[in-house]
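K.L.:
Take a look at this one; I'll ask things after.
Protein chains: 4
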Amino acid sequence: MAISGVMRPGHCQLRVLNLDESVKFYTEVMGLKHMGFDAQGRAYFKCLDELDHHSLILRQADKAGMDFYAFKVRDKATLEQLDADLRAYGVATERIPAGEMLETGERVRFTSPTGHVFELYAEKTMVGNGLGFEAPEAIIDGRRGISPIRLDHWQIHGPDLDGSRDLFVKVLGFSLVERIKAEDGVTDVAVWLSCSTKAHDIAFVRDERANTLHHASYLLGTWEQVLKAADIITIHRVSMDIGPLRHGITRGTTIYAFDPSGNRFETFCGGYDFYPDMPVITWPFEEMGRAVFYHTRQLNERFLTVVT
Amino acid sequence: MAISGVMRPGHCQLRVLNLDESVKFYTEVMGLKHMGFDAQGRAYFKCLDELDHHSLILRQADKAGMDFYAFKVRDKATLEQLDADLRAYGVATERIPAGEMLETGERVRFTSPTGHVFELYAEKTMVGNGLGFEAPEAIIDGRRGISPIRLDHWQIHGPDLDGSRDLFVKVLGFSLVERIKAEDGVTDVAVWLSCSTKAHDIAFVRDERANTLHHASYLLGTWEQVLKAADIITIHRVSMDIGPLRHGITRGTTIYAFDPSGNRFETFCGGYDFYPDMPVITWPFEEMGRAVFYHTRQLNERFLTVVT
Amino acid sequence: MAISGVMRPGHCQLRVLNLDESVKFYTEVMGLKHMGFDAQGRAYFKCLDELDHHSLILRQADKAGMDFYAFKVRDKATLEQLDADLRAYGVATERIPAGEMLETGERVRFTSPTGHVFELYAEKTMVGNGLGFEAPEAIIDGRRGISPIRLDHWQIHGPDLDGSRDLFVKVLGFSLVERIKAEDGVTDVAVWLSCSTKAHDIAFVRDERANTLHHASYLLGTWEQVLKAADIITIHRVSMDIGPLRHGITRGTTIYAFDPSGNRFETFCGGYDFYPDMPVITWPFEEMGRAVFYHTRQLNERFLTVVT
Amino acid sequence: MAISGVMRPGHCQLRVLNLDESVKFYTEVMGLKHMGFDAQGRAYFKCLDELDHHSLILRQADKAGMDFYAFKVRDKATLEQLDADLRAYGVATERIPAGEMLETGERVRFTSPTGHVFELYAEKTMVGNGLGFEAPEAIIDGRRGISPIRLDHWQIHGPDLDGSRDLFVKVLGFSLVERIKAEDGVTDVAVWLSCSTKAHDIAFVRDERANTLHHASYLLGTWEQVLKAADIITIHRVSMDIGPLRHGITRGTTIYAFDPSGNRFETFCGGYDFYPDMPVITWPFEEMGRAVFYHTRQLNERFLTVVT
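See the structure below:
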């Protein structure tokens with residue numbers, strides 16, 4: 001049966017140091033479509049192929065990072081049910097009225113054990129991808145920059161990884177797909193969770209720094225587009241992190257770089273499809289190099305330590 | 001939430017005219033792994049990347065075509081529930097005992113309005129893909145022939161398309177993703193249905209010939225592998241149908257050819273991900289050319305008429 | 001040693017039925033750069049990656065087809081030498097003064113045995129590809145339409161194939177790379193000739209229709225770009241011929257369509273590198289299907305018969 | 001006109017520390033075809049697509065590195081001419097008799113100013129690629145490991161870069177394609193030279209260590225095959241250097257690793273075609289990062305310093 005419950009990452013609100021510079025970056029380099037501003041001055045963006053009004057909101061602030069991460073759920077009944085389930089689990093929830101965010105219905109907001117603020121919502125205006133739903137063309141032409149297909153997932157860091165993992169699995173219906181164990185062979189240092197057939201919709205990493213963002217990730221269609229993303233990053237002199245490379249975890253092929261505020265982003269392609277009858281894949285601590293960087297099989301200081 | 005209910009196409013039993021020749025074809029040209037024979041003389045195959053014991057069974061017979069199409073469901077409770085739902089809907093079901101098919105649990109069998117025989121099952125031995133579930137490698141080497149990732153879907157033909165469509169949507173939890181309308185603009189001549197985030201797990205086409213198979217489809221990872229499939233088809237002088245090409249429907253890129261018994265198969269890549277908040281895509285009758293053959297925008301006699 | 005003598009196809013002058021429509025087509029769909037018009041009203045174009053001022057000239061006329069085909073030669077001394085060699089071989093030559101064609105030096109013009117008009121030239125203004133020659137970027141961004149790398153070769157038809165073949169091999173220093181034999185097993189019905197390490201810089205096909213053009217061909221970088229060309233062709237409703245496909249001859253992967261005047265063009269990728277110590281590859285007449293259409297292994301009426 | 005004079009890298013003799021281990025490596029991981037041993041115990045290899053008997057010879061020794069680098073020339077007359085030209089230029093030459101190396105004609109051997117030993121030869125037995133020269137198939141199936149198309153070029157280091165550069169350009173007919181300048185803006189620290197339409201057939205780097213090898217390079221067909229090479233390198237736990245990445249110089253996409261003896265190899269794809277009317281591309285010293293590593297735009301200690 002098609003996805004029910006929590007469906008996918010829906011939007012996220014990113015703090016940027018200079019809004020004008022960031023609007024330019026996300027439009028020209030990332031190739032997102034700028035959908036406008038709201039009364040609070042927040043800038044809204046969607047990927048060209050996305051159907052909903054926006055998936056990225058930028059808010060100017062003094063410190064980079066992510067304000068909150070939102071998932072779209074199947075319908076209003078699901079939203080109500082999940083709100084009740086969260087509260088029954090002991091998680092305080094808050095309602096953000098419809099319209100507080102442009103084109104978005106009521107949001108149920110809560111804070112996870114790792115300190116991250118999450119939202120669930122059921123309604124966002126569907127603006128379409130320009131192709132329509134009657135005998136559509138197969139491609140969207142006139143793309144610029146990296147031009148990913150959609151906001152795909154986030155990797156976020158915080159101390160109580162077990163708490164966030166359990167919340168997502170037990171209450172929000174996520175499945176554990178892959179995990180890296182600590183040296184003790186028991187404790188999870190990182191988990192990849194899916195609410196779909198994607199290898200992951202979110203990843204948590206144990207880190208003493210609560211409520212931090214490792215990266216927001218956008219989907220590309222092919223390995224050739226990962227190369228193009230790398231080339232675009234270079235011609236625009238974007239601050240590079242690492243790539244092109246393949247991850248052992250999820251098998252995805254990817255490149256990481258930093259937006260003008262130092263928020264890390266990923267543009268990736270591939271990986272296997274997850275079905276819930278698949279056993280969890282476990283990486284012992286000593287295999288972390290190959291897990292993260294399948295080709296070099298070594299960890300990278302910046303990749304491990306920089307978060308916003 | 002991850003897939004529940006009906007998860008994916010699980011296995012199908014194909015009638016072949018010469019078993020030895022077909023075992024050779026599916027091993028050397030398709031690149032499947034031959035898992036052995038059962039006491040009835042049926043040959044079992046899996047794609048290298050698949051985790052379950054088999055997805056294709058060959059049975060020697062006088063006439064090509066497909067005996068039955070099976071979907072794997074989430075668990076035994078789901079199997080029981082769907083069996084009850086089918087009967088409540090007026091569809092007679094039959095239980096095939098565990099073990100009748102190697103390594104497979106009990107199957108619930110029913111016949112659809114289009115005359116096709118379907119099965120649902122919850123259990124099949126997981127033999128793995130050779131990579132294991134601890135710090136696995138990212139690729140399976142030593143592949144031969146076309147070597148697809150998995151059995152992906154089928155396109156099947158029969159008269160009561162509405163009946164099968166309604167059964168799959170109302171009882172089995174499938175979603176309607178795309179449809180082609182008849183000249184009257186109302187009647188469906190073809191429907192693409194998904195039980196996952198795939199653009200389709202099965203497609204039905206209206207055809208006076210009940211219980212026929214248009215093609216069984218296998219997934220490839222990239223457009224480059226579609227080219228390789230086409231080259232493999234040529235070097236083995238496999239009977240070609242059409243491709244490489246792109247479909248307007250689902251946007252998948254693909255090639256079609258015939259196995260030694262004349263059963264059509266497809267090896268394809270790509271297409272968008274389906275979420276249940278997406279509107280149905282509709283193709284008017286006059287757009288059928290571009291819907292099926294996006295590049296040539298014309299239909300092809302053989303593709304429209306040959307079924308087994 | 002690097003290419004000497006005749007180096008590569010340099011420019012060609014194509015007759016189009018409607019200049020405005022064609023300028024739009026070659027700019028928006030083909031993605032060439034329009035370099036302007038001359039006093040005669042001819043429109044000039046270059047591919048983005050090409051360094052010289054232009055490779056395609058359009059001249060409005062009542063009948064589609066190609067006025068002439070020009071090769072760039074190594075230097076003026078080579079030009080003089082080839083002029084002398086042609087005349088010594090019995091081929092009348094004519095000098096077209098520098099500047100008759102914008103930004104182009106003196107041209108030596110002659111007519112081949114198949115009736116085609118050829119030119120040789122040594123000088124054309126180098127305008128560059130926008131990247132410069134100091135620490136250049138690796139990609140040109142902002143491409144539109146199909147956007148090929150360069151004009152690559154032509155396939156042209158005429159009766160005295162042997163005459164044109166011998167002229168190109170004996171006088172112009174081309175190498176015979178591949179050939180298709182007639183049913184008699186002796187006569188060449190088609191030849192692929194190279195003046196470089198390309199599998200061909202020109203192909204001649206025996207045809208009672210003298211001085212005709214089968215196609216002008218442009219190079220793409222990858223098979224993925226061939227798919228994109230096919231998609232671009234569809235979204236612009238360009239008149240399709242055939243593809244994506246692979247040729248047995250040269251192994252190139254390609255797609256063919258028609259410009260608004262009915263002139264066939266090809267956008268292709270790949271093929272092996274030719275070195276002059278390679279034996280000629282010969283295709284018997286009965287293998288012509290696989291030679292031309294490697295996957296379908298069958299000839300196509302329109303592809304065989306339509307020329308301009 | 002097709003390539004004349006020096007045509008391409010023809011063979012090289014690599015010193016390996018353990019012959020058995022190296023034969024296994026070059027067969028299973030690199031995917032070359034082992035052609036046998038000679039009376040001296042040297043192992044011979046060819047890439048599957050190459051037509052000549054071999055392009056790589058392994059000789060067991062106590063120290064890794066390359067014994068000599070050989071280019072194939074157009075014919076015996078060219079060989080004689082180049083021998084004379086070398087001697088006229090003041091370079092001592094030596095004749096190695098036909099048969100000293102299996103299946104190879106007489107070789108003209110000389111030492112370049114950078115201390116590297118080079119050979120020129122005109123004859124090597126053509127064993128073919130298994131496809132034949134009559135109506136051949138377009139692909140070679142049953143490949144294993146990385147399976148490159150051909151030996152493509154070498155990057156070698158030594159002190160008198162100017163001397164080797166001038167020898168290759170003035171006597172051997174190579175063209176200077178790209179260069180990196182020293183901080184003084186005048187001195188070449190590295191040069192890329194071509195004897196064909198390849199962006200380079202050899203590269204020299206100024207280095208106080210005479211007669212050293214940076215890498216031997218093999219050609220792949222696509223960026224997807226570069227990813228596959230990277231995956232193969234990982235599954236065999238080959239000692240990695242760096243990649244996948246793109247070079248600013250030549251634009252090639254590539255990956256570098258070390259054979260079991262520590263000799264670095266490259267498997268790459270792409271880059272532009274060189275014609276001798278192209279201006280030389282120059283990289284100022286401060287752009288060396290982007291020149292070598294286009295995406296990270298930073299140099300890498302190991303890549304700069306490790307040679308054999």
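Chains as they are written, first to last, in full-length UniProt numbering: chain A, 1 to 308; chain B, 1 to 308; chain C, 1 to 308; chain D, 1 to 308.
Think of the CB as a built atom: it goes at the ideal place given N, C-alpha and C, for glycine as much as any other residue.
Computed from a prediction, not measured in an experiment: that's the story for all the values here.
Give the residues of chain A in contact with Arg59/D, contact being defined as C-beta atoms less than 8 Å apart.
P.N.:
Within 8 Å Cβ-Cβ: nothing; Arg59/D doesn't reach chain A, min ~30 Å.
K.L.:
At which residues does the beta strand (DSSP E) containing Ile57/D begin and terminate?
P.N.:
Leu56 to Gln60
K.L.:
Cα separation between Ser147/A and Leu86/D?
P.N.:
54 Å
K.L.:
What's the C-alpha gap between Glu119/A and Thr78/A?
P.N.:
13 Å
K.L.:
Along chain A, in chain order, which residues have C-beta atoms closer than 7 Å to that of Thr197/D?
P.N.:
Those within 7 Å of Thr197/D in chain A number zero; the least Cβ separation is about 23 Å.
K.L.:
Which residues in chain A have a C-beta closer than 7 Å to the C-beta of Ser4/B? List them in chain order.
P.N.:
Correct list: Met1 and Ser4.
K.L.:
Where does the unbroken alpha helix (DSSP H) through Asp224/D begin, and where does it stop?
P.N.:
Reading off the sequence shown, one finds Glu at residue 224/D, where the question assumed Asp. Taken as a continuous stretch (DSSP letters only), the alpha helix (DSSP H) holding Glu224/D covers Trp223 to Ile235.
K.L.:
Check whether the Cβ atoms of Arg95/C and Arg59/C lie closer than 8 Å to each other.
P.N.:
no
K.L.:
Give the interface partners of Val280/D over in chain C, defined as CB-CB distance under 9 Å, in chain order.
P.N.:
Phe133
K.L.:
DSSP three-state label for Ser194/A, please.
P.N.:
strand
K.L.:
For Thr282/B versus Glu208/A, is the C-beta distance shorter than 8 Å?
P.N.:
Taking 8 Å as the Cβ cut-off, Thr282/B and Glu208/A do not qualify as a contacting pair.
K.L.:
Taking 8 Å as the threshold (C-beta atoms), are Thr125/A and Val108/A in contact?
P.N.:
no
K.L.:
Can you tell me whether Phe293/B is helix, strand or coil according to DSSP?
P.N.:
Phe293/B sits in coil when the DSSP states are folded into three classes, being neither helix nor strand.
K.L.:
Output, in chain order, the set of chain A residues within a Cβ distance shorter than 9 Å of Arg297/D.
P.N.:
Ordered by position in chain A, the residues that pass the 9 Å Cβ test against Arg297/D are Thr234, Arg237 and Met240.
K.L.:
What residues in the UniProt domain "VOC" (150-270) of chain B have a beta carbon less than 8 Å from any beta carbon of chain D?
P.N.:
Thr222, Glu224, Lys228, Asp231, Ile232, Thr234 and Ile235
K.L.:
Please report how far the alpha carbon of Thr305/C lies from the alpha carbon of Tyr294/C, in whole angstroms.
P.N.:
One C-alpha to the other measures close to 19 Å.
K.L.:
Measure from the C-beta of Tyr272/B to each C-beta in chain C and report whether the shortest distance is under 8 Å.
P.N.:
No, Tyr272/B lies away from the interface with chain C (no Cβ there is under 8 Å from its Cβ).
K.L.:
In this structure, how does DSSP classify Leu161/B when only helix, strand and coil are distinguished?
P.N.:
helix
K.L.:
What's the gap between the Cα of Gln13/C and the Cα of Lys72/D?
P.N.:
39 Å
K.L.:
Establish whether the CB of Ile146/B and some CB of chain D are separated by less than 8 Å.
P.N.:
no
K.L.:
Apart from the five residues just before and just after Gly130/B, which ones in its own chain have a Cβ nearer than 8 Å to its Cβ?
P.N.:
So the qualifying residues of the chain are Leu48 and Ile140.
K.L.:
In terms of alpha-carbon separation, which member of Ile57/C, Pro159/C and Ile202/C lies closest to Met35/C?
P.N.:
Ile57/C
K.L.:
For Gly158/A, does the count of other Cβ atoms within 10 angstroms reach 16, so buried, or fall short, so exposed?
P.N.:
Gly158/A comes out buried.
K.L.:
Check each candidate in Pro136/C, Thr267/C, Gln155/C and Tyr26/C and name the one with the smallest Cα separation from residue 310/C.
P.N.:
Residue coverage of chain C in this structure runs from 1 to 308, which leaves residue 310/C outside it and unanswerable.
K.L.:
Is it buried or exposed for Asn18/D, if we count other Cβ within 10 angstroms and need 16 for buried?
P.N.:
Using a 10 angstroms sphere on the CB of Asn18/D, the tally of other CB atoms stays under 16, which defines it as exposed.
K.L.:
Which ranges does the beta strand (DSSP E) cover as unbroken runs of at least 3 residues, wholly within the stretch 239-270 of chain B, from first to last along the chain?
P.N.:
239-246, 253-258 and 264-269
K.L.:
Roughly how many whole angstroms lie between the Cα atoms of His153/B and Lys46/B?
P.N.:
14 Å
K.L.:
Do Ala190/C and Phe168/C come within 8 Å of each other at the CB atom, strictly closer than that value?
P.N.:
The Cβ atoms of Phe168/C and Ala190/C do not sit closer than 8 Å to each other.
K.L.:
Ignore the nearest five residues each way along the sequence and tell me which others in Leu193/A's own chain have a CB closer than 8 Å to its CB.
P.N.:
The residues Arg165, Phe168, Val169, Phe174, Ser175, Leu176, Val177, His200, Asp201, Ile202, Ala203 and Phe204, in chain order, have a CB closer than 8 Å to that of Leu193/A in the same chain once the five nearest residues on each side in sequence are set aside.
K.L.:
Extract the residue ranges of the alpha helix (DSSP H) inside the stretch 128-190 of chain C, only unbroken runs of 4 or more that lie entirely within it.
P.N.:
161-170
K.L.:
How many Å lie between Ala98/A and Asp75/A at the Cα?
P.N.:
14 Å
K.L.:
Please go through the same chain and pick out, in chain order, the residues whose beta-carbon is closer than 8 Å to the beta-carbon of Lys33/D, but skip the five residues on each side of it.
P.N.:
Thr27, Phe45, Lys46, Cys47 and Leu48
K.L.:
Do you know whose CA, among Asp20/A, Arg150/A, Met7/A and Val91/A, lies nearest His54/A's CA?
P.N.:
Arg150/A
K.L.:
At which residues does the beta strand (DSSP E) containing Ala70/A begin and terminate?
P.N.:
Gly65 to Val73
K.L.:
On the three-state DSSP scale, how would you describe Ser4/B?
P.N.:
coil
K.L.:
Can you give me the C-alpha to C-alpha distance between Asp62/B and Ser261/B, rounded to a whole angstrom?
P.N.:
10 Å
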